[in-house]
Structure formats: structure tokens, C-alpha cells
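One structure is given below, encoded as C-alpha cells.
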Ligand SMILES: NC(=O)c1ccc[n+]([C@@H]2O[C@H](COP(=O)([O-])OP(=O)(O)OC[C@H]3O[C@@H](n4cnc5c(N)ncnc54)[C@H](O)[C@@H]3O)[C@@H](O)[C@H]2O)c1
């Protein structure tokens, strides 16, 4: 589908900023709506317009949606773990906020809606890799609000004549991920190692994750928006498993520090193994990840080294 004008909610965040750069480089007009609770203006390219506002504010949404062909909805409170305590905020932003964005898209006559869902909707695996039909039993309210959002979009968007694709993102890493104790194990470990803090591995560290480079994720959003496909939900990962112990080892080696990680009890909400079957994304929108962890982890290290000034 050809289009010119994009709105990215959460556009000043980690993944949203990378999508914005990619779209601007392709000659598209980009607006970002972000309340800057986590995001930063510097994550956006200069030519993108930043509207500082909240997806719970329907007036702001109305003006943000003027002259928009495609919306990329990424604004969210992003934490599997934190959502257990802050379940009300999670539902308010991640579900009700999504419904606000969807309604604003309808009222503005938007052509396509691309939603950032999450592998957290699957919960503990019955089998691995997980395809899109894998049973969906989220272990955290975050997964519940993401799954509910997907379902609302899947029902309402077609009724309103809006094309849509839900993208279930797996663990995304790379430069510009906002440091937080709750999100992004790679960024957390890099910061811990650089600053000499303890590297804490929840559980035995044998839980497998599908780590995908943020540039690949941004390309998946671009492909989803440009394709003529609609009405589907796709996994976006690499299909390559890496356990948390291995991530810690790789980082300790690359940073050349004498660090011994400690194992702490598993935390509530975090699922067991998580690995994407990406064959549907490949056949529907021509997506497959270009990069493995060994190729791109240095970019994340370098960015954190500079940004944290350690
Ligand atoms: N990072 C991952 O590994 C991962 C994995 C699966 C899914 N996702 C999803 O991808 C999306 C982007 O995640 P990210 O890693 O870039 O996180 P992020 O926190 O960097 O980006 C989210 C952005 O949304 C903004 N925001 C939060 N609440 C808002 C509100 N009420 N109104 C307006 N803006 C608001 C934040 O300021 C931030 O810039 C999220 O929807 C997340 O659930 C991320």
C-alpha cells in the first residue's frame, strides 16, 4: 500500500524512534505522539514532528490524527513485571489507550493501523517455537492488555474499513533503549557490567529468549504498512533461541570484565521459554530478521557506553 503520512504513537520511544528514522529516510512525513514519560525528543529525526501528549487525551488525539494515512501504535507502559503491581495503569494506558487511538483512527479515516503487540500474550509455551496459533495464556496483566487490544483491533478495524496488522514483537534490543530496571535484559546487563553493579539473573538463566535487533523490528513495521496484506497477526522475532546465561556471558566477554552473575529467585509474570516461529511473517509480508545477536550486540554496548558515560 502506498502512503505518505504516518503517525507513530510512542514515537519518541526506543522502537518508535527507529521506525521514525526509517520512514523519514524513505521520504515519508512522520508525526510522533508521545507523552515523554519514557521517550525522548532526541530519539526522533529532526524532520519528524513531535506532539507531546497522552493517548488518554481524546482532544490531543483528534489533532494528532489530522492528515494521517497510517498509524503505528506503540505508545504503552512497557513492563511485564511492573504490570503486576501497576495493573490498573497498565489497563488504562495499554488497553483503554489503544481503544482511544483506534477510535481516533476511525474518526480521521485512517487507512491502516499497525499495532505493537508482544510475545507476552503467549505465556508459558506448550511447544517451541511458538506460532501465532499457540495457546494464549498471558502470565502478566501486560500480556492480557496486549492480547485484549489485538482482539479489539481484529474485530473493530474491519467493521470500520481500516486495514490492520498486529505485530507480536519478541525481545527487542539495540541502541537507544531507555534504561529501566524493568525492561530490556541486554540493556540492563550492559549497564550493570559497565557500572560494576551485580548482574542478577532471574531463576537458573536457562530460559530462552528470542532477541531481535531493533533495526529488524523497524523494518517489519515498514513492511507491514507498505504491504497490501490486512487482517492478520504476525510474530516478529528471529526464530533463534538464546538463553539468559549466554547473553550474560557474551556481554561479560565483550566488555572484558571480571564479573560473576548471581542467580536470584524467578520473578512473577515472566514466562518460561519464548521463541518465535516467523514463517507467517515471512510468507505474508516478506519479513525475516537479517541480524543475529552476535552481529548487533556491539551496537547496543557502544550506545550504552557513550550514553551512560562510564
Ligand atoms: N522492547 C521490547 O522488547 C518490546 C517487546 C514486545 C512489545 N513491545 C511493544 O513495543 C512498543 C514500544 O516499546 P519500546 O520498547 O519502544 O518502549 P518505550 O517505553 O521506549 O516506548 C513507549 C513510548 O510510549 C510513550 N508513552 C507511554 N505511555 C504513553 C501515553 N499514555 N501516551 C503517550 N505516550 C506514551 C513513552 O514515553 C515511550 O516513548 C510498546 O507498545 C511495547 O509494548 C516492545
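Residue numbers (my numbering): -15 to 294.
Heads up, the beta-carbon is just placed ideally off N, CA and C, and yes, glycines get one too.
DSSP state of residue 57, grouped into three classes?
strand
Contact defined as beta carbons within less than 8 Å: I believe residue 196 pairs with residue 174. What is the distance between those atoms, to the nearest angstrom?
About 17 Å separates the two Cβ atoms, so there is no contact after all.
Do residue 54 and residue 97 have their C-beta atoms within less than 9 Å of each other?
yes
Taking C-beta to C-beta, are residue 27 and residue 75 nearer than 9 Å?
no
Within 9 Å, strictly: CB atoms of residue 100 and residue 205:
yes
By how many angstroms is the C-alpha of residue 37 removed from the C-alpha of residue 22?
12 Å
Are the CB atoms of residue 209 and residue 218 within a distance shorter than 9 Å?
For residue 218 and residue 209, no; Cβs fall outside 9 Å.
Contacts around residue 103, its chain only, beta-carbon distance under 6 Å, and the 5 residues preceding and following it disregarded
152, 154 and 258
Check whether the region 139 to 151 and the region 84 to 97 touch, using three or more Cβ-Cβ pairs below 8 Å as the test.
yes
What residue range does the alpha helix (DSSP H) around residue 205 cover?
198 to 210
Could you tell me whether any non-hydrogen atom of ligand 1 is closer than 8 Å to the CB of residue 19?
yes
Any chance the CB of residue 199 is under 8 Å from a heavy atom of ligand 1?
no
Beta-carbon proximity list for residue 274, same chain, < 7 Å, skipping 5 on both sides:
200
Residue 114, buried or exposed, once every other Cβ within 10 Å from all chains shown has been counted against 16:
buried
In its own chain, which residues sit with a C-beta less than 6 Å from the C-beta of residue 125, not counting the 5 before and 5 after it?
67, 71 and 74
Let me know the secondary structure DSSP gives residue 193 once reduced to three states.
strand
What residues in its chain sit with their C-beta under 6 Å from that of residue 7, if we drop five residues either side in the sequence?
-10 and 14
According to DSSP, what are the bridge partners of residue 162?
In DSSP, residue 162 forms no bridge with anything.
List the whole-angstrom C-beta distance separating residue 254 from residue 64, where the pair is believed to meet the contact cut-off of C-beta under 8 Å.
6 Å
Count the other CB atoms within 10 Å of the CB of residue 267; is the residue buried (16 or more) or exposed (fewer)?
exposed
Could you tell me the boundaries of the beta strand (DSSP E) in which residue 16 lies?
In the DSSP assignment, residue 16 falls within the beta strand (DSSP E) that extends over 13 to 18.
Buried or exposed for residue 20, please, with buried defined as at least 16 other CB atoms from any protein chain shown within 10 angstroms of its CB.
exposed
Return the first residue and the last residue of the alpha helix (DSSP H) that residue 147 is part of.
Taken as a continuous stretch (DSSP letters only), residue 147 belongs to no alpha helix (DSSP H), being part of the beta strand (DSSP E) at 147 to 153.
Whether or not the region 174 to 190 and the region 236 to 254 are in contact is what I'm after, with contact meaning three or more pairs of Cβ atoms, one per stretch, closer than 8 Å; do they touch?
yes
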